[in-house]
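The sequence shown begins at 4 in my numbering and counts up one residue at a time. Even for Gly, the Cβ is constructed at its ideal location relative to N, Cα and C. One structure is given below, encoded as structure tokens.
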Amino acid sequence: MSTDEPGDASAGAGAAPRGAARSDRLHRLAEAVLEAGSLPVDAIVDRFGVSTMTAYRDVAELERQGVVVRSKGVVVAAASSLNETTARFRLTQQVEAKAAIALAARELVRPGMSLLLDDSSSGLALLRAVADRVPLTIATHSQVTAREVEAHPALELFVAGGSYRRATESFYGPATTAAIRALHADVSFMSVTAIRGDTAYHPYEEVAEVKRAMLESAQLRVLLADHSKFGRHALHVIGPASQWDVVVVDEATRAEHLAPFRDAGVRVITAQS
């Protein structure tokens, strides 16, 4: 087993104090998780040469600071104004709410439509809810969504490629937005990281740009947002509430959070759990 904080206890003259060494390690650990998107605790033990107990203490401190989230032995970057959680981790969050929202949004889909889906876990839940309403054409920049479509031979698929981001398992960049802007789908379904007041946000500029392209490329624009999205903010603006035609939320969403959408003339659908 790796030693606990090697060298700190008996490093001798000139060695960095234990507190300084830990602070540096926490900084490097945060950077490693943010860069990779997620790291197993075992990998942290090996990478930083610390004991499992020390690794968990470090992770707990970064959790307290709101930098990371730990789930089942895997540490992921916490969603914030500067970063988004990984695609795999998002699939484990608000599962029941997203399923209920997808079932409610299903009523907006008819056979023969073309749907533009983003890389959100809410969009994937929507796909699963409408997969039997064939024929449908699905356009997406999400590798996860594309793989799901492959399991349904009756669904047509268009993938907007570009620069690949491993953490989100999806494509971004000028090539992606150009491909999306060349489309005109019947309905776009998307989610966002944060909604505060009448404005939606995302931590990454290139992701916000993809979502704005989606809003320009569909006849009907639908926002899928569970209650955890409201009251938060992120760095990059996607757009005001008025850019959507419909917002579908779960029952736990507070009325005051929906008021800006209603004021903007957006149809609000509340999913029943």
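- The beta carbon of Arg270 sits closer than 7 Å to the beta carbons of Asp248, Val249 from its chain, once the five residues preceding and following it are set aside; these are given in chain order.
- Looking only at Ser231, Asp266, Ser117, Val62, the smallest Cα-Cα distance to Met217 is reached by Ser117.
- In terms of CA proximity to Glu209, Tyr175 leads the group Tyr175, Ala181, Asp122, Thr202.
- Closest by C-alpha distance to Glu159, out of Asp122, Thr171, Gln275, Thr143, is Thr143.
- Annotation for Gly76: Pro43, Val44, Asp45 place their beta carbon closer than 8 Å to its own, counting only its chain and skipping 5 residues before and after.
- With a cut-off of 8 Å on Cβ pairs, the region 221–233 is in contact with the region 191–206, counting three or more such pairs.
- Across the set Ser220, Leu261, Leu32, the C-alpha of Leu261 shows the shortest separation from the C-alpha of Ser231.
- The Cβ atoms of Tyr207 and His236 do not sit closer than 8 Å to each other.
- Within the same chain, and ignoring the five residues on either side of Leu29 in sequence, the residues whose Cβ sits closer than 8 Å to its Cβ are Asp61, Glu64, Leu65.
- Take the alpha-carbon of Leu130 and the one of Leu32: they are about 36 Å apart.
- Following the DSSP letters along the chain, one finds Val62 inside the alpha helix (DSSP H) bounded by residues 55–67.
- When DSSP states are grouped into helix, strand and coil, Ala46 belongs to the helix group.
- One Cα belongs to Val137, the other to Glu110, and the distance between them is close to 14 Å.
- The criterion of a C-beta distance shorter than 8 Å is satisfied by Ser276 and Glu254.
- Asp201 and His155 have their C-alpha atoms some 37 Å from each other.
- Its Cα nearest to that of Ser41, the residue Ala170 stands out among Ala170, Leu139, Asp122, Gly52.
- Under DSSP, Ala142 forms a beta bridge with Leu119, Phe161.
- In the structure shown, Arg28 adopts helical secondary structure according to DSSP, grouped into three states.
- Nearest to Arg265 by alpha-carbon distance, out of Thr256, Ala244, Ala274, is Ala244.
- Counted as a single uninterrupted DSSP element, the stretch harbouring His239 is not any alpha helix (DSSP H) but the beta strand (DSSP E) occupying residues 239–243.
- Take Leu186, set aside five residues on each side of it, and the residues of its chain with a beta-carbon closer than 7 Å to its own are Leu119, Ala142, Ser220, in chain order.
- Listed as beta-bridge partners of Ile272 by DSSP are Val251.
- When the beta-carbon positions are compared, Arg199 and Gly165 stay at least 8 Å from each other.
- Taking the C-beta atoms as reference points, Ala163 is found no nearer than 8 Å to Thr140.
- Per DSSP, Arg215 is one residue of the alpha helix (DSSP H) stretching across 208–219.
- Collapsing the DSSP output to three states places Arg199 in a strand.
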